[in-house]
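**Q** In terms of my numbering, the sequence shown has 395 at position 394, counting the first letter as 1, and numbering is strictly consecutive.
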Amino acid sequence: MNRRVPDLVLAGLLVASGACASRPTPAPTAVVPHSTPAVSGDDKRLYAFISDLHFSLGKLPSGAWNPIEDFRWTNALKGFLKEISHRSGGKTTLVIAGDLLEAWQHPDLPCSQGDADRGCTVEEAAGLADAIVKAHRADFEALGAFASEGENQLVIIPGNHDASLLIPSVQKRVSDALKAGAGRVEFPPTGVWASPDGLIVSEHGHQMPLENINNWKKWPAVTEVLNGKEFLRRPWGEQFVHNLYDKVESENQVIDNLIPQSNGVRHLMKKKGFFGAAGDVARFLAFNIGQTSLAQIGDLGRPASGKLEWNVAAAREEGWELFAAATPDGWYRERLRNPPDESWTAVRRQFDAMAKDPDAVPDDEVRNLCDKAKILSPTGESVCPREDPTLLISTVGGAIPGSGYRSMVKHLNRRSEAFPRMQVFVYGHTHTLQCTTPVTPPGGIPILVANTGAFQRLIDDERFVAEATKRGWTPQEALSKLTLEDLPPCYTAVLVNYESGRPAAAVQNWYQAETDATGAFVEIWDCRCAKLGSHCEGGAPCPGN
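In structure tokens, the structure reads:
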């Protein structure tokens with residue numbers, strides 16, 4: 002589970018009314034550079050990217066799955082590995098772009114020696130890795146067998162949930178479990194990986210702009226000494242996971258498989274009422290609001306054309322109203338505007354304080370909130386003043402320049418300093434896939450940006466509610482009655498081939514039920530799978546939707 006914000010119809014019901022409507026299959030998107038960069042890619046090598054498998058503690062002594070275990074799909078993983086190796090004739094580089102391990106949520110193996118900012122000791126982290134390796138021995142061996150075949154390679158990038166992979170003792174346990182041939186597995190020590198020619202770059206995504214609850218201030222240094230012992234530092238997001246999900250996931254195992262994650266928490270609140278401290282709720286909602294994509298602007302928005310800028314200082318003065326105006330979820334918005342009790346009034350006070358705090362809400366995040374508030378306004382107006390009131394905000398095609406785009410430009414500029422030949426950038430972390438979107442830093446060439454989604458089963462809220470209704474349940478009942486096995490057997494990936502020496506990327510679903518001997522790649526909008534992103538969906542709607 003990615004406790005980020007990190008976007009399913011149940012498999013048996015998705016096909017009940019017939020096959021998917023016919024939709025055109027787009028070709029992988031290739032880079033069209035402004036100037037011609039050097040070409041050096043291997044047209045025979047396939048690069049495949051997945052992320053966020055979240056291997057956890059496996060099964061309980063009873064033989065039943067531990068409710069917090071999100072990866073139960075060994076056959077699907079084996080089928081996927083077999084296919085990507087076959088496609089390249091054994092010349093595939095598989096990049097796991099973070100969060101292979103779920104090292105945040107482990108209530109049966111508590112780390113009790115640290116404090117709010119420090120979790121497990123290095124020794125405890127190694128012990129947790131031992132438990133995960135034991136629980137997922139078949140999965141690790143499948144990955145290792147893939148890496149040992151032909152000229153295949155395996156890259157494991159550390160993410161926020163498995164930052165402990167930067168610790169040598171933890172990394173060794175995973176490496177030993179893989180049983181791969183010498184030189185076949187790479188653990189990038191900085192958390193950023195690049196192809197040998199530097200044209201493809203990948204990372205998990207938790208150290209990117211608009212990310213301030215899951216990152217490490219001194220990454221890739223993730224440990225520090227306290228009272229003579231070396232501890233893993235932990236960001237606020239990890240604490241939130243322990244405070245909320247450790248308590249409720251045993252009875253609501255799909256709560257963290259709803260995308261965006263605020264949907265699962267909304268259903269939980271309707272079921273059990275307000276939870277936790279107002280400050281924690283405010284930070285969680287702020288993160289979800291900031292990360293949630295809006296269909297009108299795609300995942301990153303559009304590049305700005307001319308001087309179109311919000312007055313950030315004035316927007317901060319709007320306080321809680323800025324967050325209320327920016328949330329696409331009407332249930333949360335109504336409670337912020339008309340608090341039903343003191344708990345929600347306290348959340349408003351927390352938002353007032355956060356809005357004025359640049360450390361809690363950086364300027365780019367304020368701009369991001371203003372972008373969303375503008376789009377969600379019925380009249381097209383926004384709570385945010387413009388820097389120059391005489392300028393109109395462009396709404397060509399119903400869209401406005403997106404802060405996601407601006408922040409991505411800033412991040413790519415930073416990455417380009419180390420990887421000046423970069424043409425494709427792939428990340429994970431959010432669980433909300435993003436199809437290839439060209440982003441052009443000033444004076445640079447277009448860089449294709451894609452998000453891997455997650456290699457696990459997820460569900461979007463619209464289809465979750467529809468499925469509950471079909472079964473005669475309320476969404477709150479479905480939260481506790483549905484299991485992960487009920488969700489569609491779809492797992493997202495980014496595939497990058499070289500065409501005439503240049504990378505071309507595409508996002509696809511791997512579809513395979515655990516009872517099937519083989520699976521297949523299907524388009525990201527296939528009706529049997531979930532609606533996990535907005536930017537890349539196309540064609541006619543699925544039957545029954």
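We put the beta carbon where it would ideally sit given N, CA and C, even for glycine. Note that this is a predicted model, so its numbers are computed, not measured.
#1: Run through DSSP, which three-state label would Thr-93 get?
#2: Please state whether DSSP places Pro-68 in a helix, a strand or coil.
#3: For the ligand GDP, I want to know if Ile-290 counts as a neighbour, meaning its beta carbon is within less than 7 angstroms of at least one of the ligand's heavy atoms.
#4: Please state whether the Cβ-Cβ distance between Ser-57 and Gln-106 is less than 8 angstroms.
#5: For Cys-436, report the span of its beta strand (DSSP E) as first-last.
#6: Could you name the residues that DSSP lists as bridge partners for Asn-321?
#7: Taking Arg-407 as the reference, which of Arg-334, Ala-316, Trp-311 and Asn-498 has the closest Cα?
#8: Which residue marks the beginning of the alpha helix (DSSP H) containing Lys-230, and which one marks its end?
#9: Where does His-432 land, buried or exposed, given buried means 16+ other C-beta within 10 angstroms?
#10: Which residue's Cα is closest to the Cα of Gly-291: Asp-365, Gln-509 and Trp-474?
#11: Have a look at Leu-82, Lys-92 and Arg-88 and flag the residue whose alpha-carbon is nearest the alpha-carbon of Phe-147.
#12: Could you give the C-beta distance for Leu-233 and Ser-263, rounded to a whole number, given that I count them as a contact under 8 angstroms?
#13: Should the segment 106-121 be called in touch with the segment 225-239, which here means at least 3 C-beta pairs below 8 angstroms?
#14: Any idea what DSSP makes of Ser-203, helix, strand or coil?
#15: I'd like to confirm the pairing. Which residues does DSSP put opposite Tyr-428 in its beta bridges?
#16: By alpha-carbon positions, which one of Phe-465, Cys-436, Gln-457 and Phe-522 ends up nearest to Val-508?
#17: Compute the Euclidean distance between the alpha carbons of Ser-176 and Asn-452, then round it to the nearest angstrom.
#18: Measuring alpha carbon to alpha carbon, tell me which of Ala-283, Trp-345 and Asn-339 ends up nearest Ala-354.
#19: Mark Ser-251 as exposed unless 16 or more other C-beta atoms lie within 10 angstroms of its C-beta, in which case mark it buried.
#20: Using 8 angstroms as the Cβ pair cut-off and three pairs as the minimum, do the segment 68-85 and the segment 123-131 touch?
#21: Terminal residues of the continuous beta strand (DSSP E) containing Thr-191?
#22: I need the straight-line Cα distance from Val-202 to Thr-493, nearest angstrom please.
#23: Quick one: what's Glu-500 bridged to in DSSP?
#24: Pull the bridge partners of Cys-491 from the DSSP assignment, please.
#25: Can you give the beta carbon distance from Asp-71 to Leu-480, rounded, assuming they're within the 8 angstroms contact cut?
#26: As an exercise, report each continuous alpha helix (DSSP H) stretch of at least 4 residues that is fully enclosed by the segment 135-178, in chain order.
#27: In the structure shown, what three-state DSSP assignment does Ile-525 receive?
#28: Specify, as a first and last residue, the run of the beta strand (DSSP E) that Ala-467 falls within.
#29: Under DSSP, the beta strand (DSSP E) around Phe-50 begins and ends at which residues?
#30: Between the C-alpha atoms of Arg-416 and Gly-444, what's the straight-line distance to the nearest angstrom?
#31: For Cys-21, which three-state DSSP category applies?
#32: Just the Cα atoms here: how many angstroms apart are Leu-392 and Leu-370?
#33: Below 8 angstroms between beta carbons: does that hold for Val-410 and Arg-368?
#34: For Ser-196 and Arg-317, what's the separation of their Cα atoms in angstroms?
#35: If I measure Cβ to Cβ from Thr-516 and keep anything under 6 angstroms in the same chain, skipping five residues before and after, which residues do I get?
#36: Compute the distance between the beta-carbons of Arg-185 and Leu-155, then report whether it is under 8 angstroms.
**A** Short version:
#1: Residue state for Thr-93 is assigned as strand, using DSSP reduced to three classes.
#2: coil
#3: This structure lacks the ligand GDP, and indeed carries no ligand of any kind.
#4: yes
#5: 435-440
#6: The sequence given here places Trp at residue 321; Asn does not occur at that position. Partner(s): none; Trp-321 has no beta bridge.
#7: Trp-311
#8: Segment 230-234 is the beta strand (DSSP E) holding Lys-230; no alpha helix (DSSP H) there.
#9: buried
#10: Asp-365
#11: Leu-82
#12: Actually they do not touch by this definition, with Cβ atoms about 27 angstroms apart.
#13: The way I'd put it, the segment 106-121 does touch the segment 225-239; three or more beta-carbon pairs between them come closer than 8 angstroms.
#14: strand
#15: Asn-452
#16: Cys-436
#17: Spanning the two alpha carbons is a distance of roughly 26 angstroms.
#18: Per the Cα distances, Ala-283.
#19: Ser-251 is exposed by the Cβ-count criterion.
#20: no
#21: No beta strand (DSSP E) holds Thr-191; DSSP gives it neither H nor E.
#22: For Val-202 and Thr-493, the gap between their C-alpha atoms comes out near 18 angstroms.
#23: Arg-503
#24: DSSP, once it has assigned bridges, lists Tyr-512 as partnering Cys-491.
#25: Actually they are not in contact, since the Cβ atoms of Asp-71 and Leu-480 sit about 16 angstroms apart, beyond 8 angstroms.
#26: 138-149
#27: coil
#28: Not the beta strand (DSSP E): Ala-467 falls in the alpha helix (DSSP H), residues 462-471.
#29: 47-51
#30: 15 angstroms
#31: Low local confidence applies: a pLDDT of 39 at Cys-21 is under 50, so the model's placement there is unreliable, with the coordinate-based value given in what follows. Reduced to three states, the DSSP call for Cys-21 is coil.
#32: Interpretation of Leu-392 is limited by its pLDDT of 43, a score under 50 that renders its predicted location unreliable; no figure is taken from the coordinates.
#33: no
#34: 41 angstroms
#35: none
#36: yes
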